[in-house]
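What follows is a short report on a single structure.
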Amino acid sequence: MNPAEPGGDLGVPAAVPVLQARGIVKRYGHVTAIDGADFDLLRGEILAVIGDNGAGKSTLIKVLTGAVIPDAGQVYVEGAPVTFRNPLDARAYGIEPVYQDLAVAPALDIWSNLFLGREVRRRGFAGRFLRMLDAPRMRRESEQHMDELKIGLNSVSQTVETLSGGQRQGVAVARAVAFGRKVVIMDEPTAALGVKETGMVLDLIRKVRDRGLQVVIISHDMPSVFEIADRVHVHRLGRRSCVVDPKVRSMSEVVALMTGALEPTELERNGAS
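According to my numbering, the sequence shown is numbered sequentially starting from -8.
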């Protein structure tokens, strides 16, 4: 199996980034949202992406998840060039997004949300010709996913609208982990959550990483970034300004790097924090 093919990662050196981009450009008319941006997600890490509003970080993430097609540049999965024409292409390579609005259906129960758009049909005639769904299997697998991530819920038959904000985030993350094989990308995972629920989501992110998936979080929540991230990608003026080690740089220094008040070192500028 070619490492660049969906699901293939055998024989890929550990030093090769799992997900990488070089020279990404995206324009909307006369506005340049991304101006030659680079990106590197290393094996086994939680990478935080930060930047001011309008810096282009959301557009970059959309390129990496197939939601936006760049005008120039190249995306790589485990060292091999790939082309994402839509989110389904990115998902085929094991890249799953968790958007800020979570994209969950509040009126549906938890197990239906986990398999939303990827429902499992029954085997044989009932599934092939009558298109009947295998609800018992989906419930059983949903319970397994929620148990493995230790998301405390009474039942996967609860409707999502009865859950707290942190529990809803847990459902969205569980769905991404269930189908993602390489990378989970989370947009503002702790937004609008209280202290206790933020801690729950951060623990959940660690569990996702411990299961062997790489995690990207896009966040304005600097305390959470410094608690959870192995490295911090600072995005500024449409491109990667630098990559820093949160154990070496203080929070105030990283904010200064983000605003341009502080210049990065040469190593940080080259993405080698």
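Cβ atoms here follow ideal geometry from the backbone N, Cα and C, with glycine treated the same way.
All values derive from a computational prediction rather than experimental measurement.
What's the gap between the Cα of residue 191 and the Cα of residue 204?
When the Cα atoms are used, residue 191 and residue 204 turn out to be separated by approximately 18 angstroms.
Please classify residue 242 as buried or exposed, where buried requires at least 16 other C-beta atoms within 10 Å of its C-beta.
Burial state of residue 242 is exposed, judged by a 10 Å Cβ sphere holding fewer than 16 other Cβ atoms.
Pull up the CB-CB distance for residue 125 and residue 111, whole angstroms please, since I reckon it's below 8 angstroms.
Indeed, because the Cβ distance is near 5 angstroms, the residues count as touching under 8 angstroms.
How should residue 106 be labelled, buried or exposed, when 16 other C-beta atoms within 10 angstroms of its C-beta is the threshold for buried?
With 16 or more Cβ atoms within 10 Å of its Cβ, residue 106 is classed as buried.
Using only alpha-carbon positions, find the residue among 29, 53, 13 and 96 that is nearest to residue 166.
Nearest C-alpha to residue 166: 96.
Of the residues 253, 219, 150 and 239, which one's Cα is nearest the Cα of residue 37?
Among 253, 219, 150 and 239, the Cα nearest to that of residue 37 belongs to 219.
Taking only runs that begin and end inside the region 150 to 238, name each unbroken beta strand (DSSP E) of 3 or more residues, in chain order.
Those beta strand (DSSP E) runs which fall completely within the region 150 to 238 and span 3+ residues are 174 to 178, 205 to 209, 222 to 227 and 230 to 235.
How many Å lie between residue 211 and residue 89 at the Cα?
Going by C-alpha positions, residue 211 is about 16 angstroms away from residue 89.
Which residue spans inside the region 73 to 125 form an unbroken alpha helix (DSSP H) run of at least 4?
When DSSP assignments are scanned along the region 73 to 125, the uninterrupted stretches of alpha helix (DSSP H) that are 4 or more residues long and fall wholly within it turn out to be 78 to 83, 101 to 105 and 116 to 119.
Unbroken alpha helix (DSSP H) run spanning residue 52, endpoints:
Run containing residue 52: 48 to 55, per the alpha helix (DSSP H) assignment.
Over what stretch of residues does the alpha helix (DSSP H) that includes residue 6 continue unbroken?
Where residue 6 is concerned, there is no enclosing alpha helix (DSSP H), given that its DSSP letter is neither H nor E.
Give me the residue from 197, 201, 193 and 156 with the minimum Cα distance to residue 184.
Minimum Cα distance to residue 184 is reached at 156.
Alpha carbon to alpha carbon, how far is residue 27 from residue 176?
Spanning the two alpha carbons is a distance of roughly 21 angstroms.
Expressed to the nearest angstrom, what Euclidean distance is found between the alpha-carbon atoms of residue 213 and residue 253?
Our two residues, residue 213 and residue 253, have alpha carbons roughly 17 angstroms apart in a direct line.
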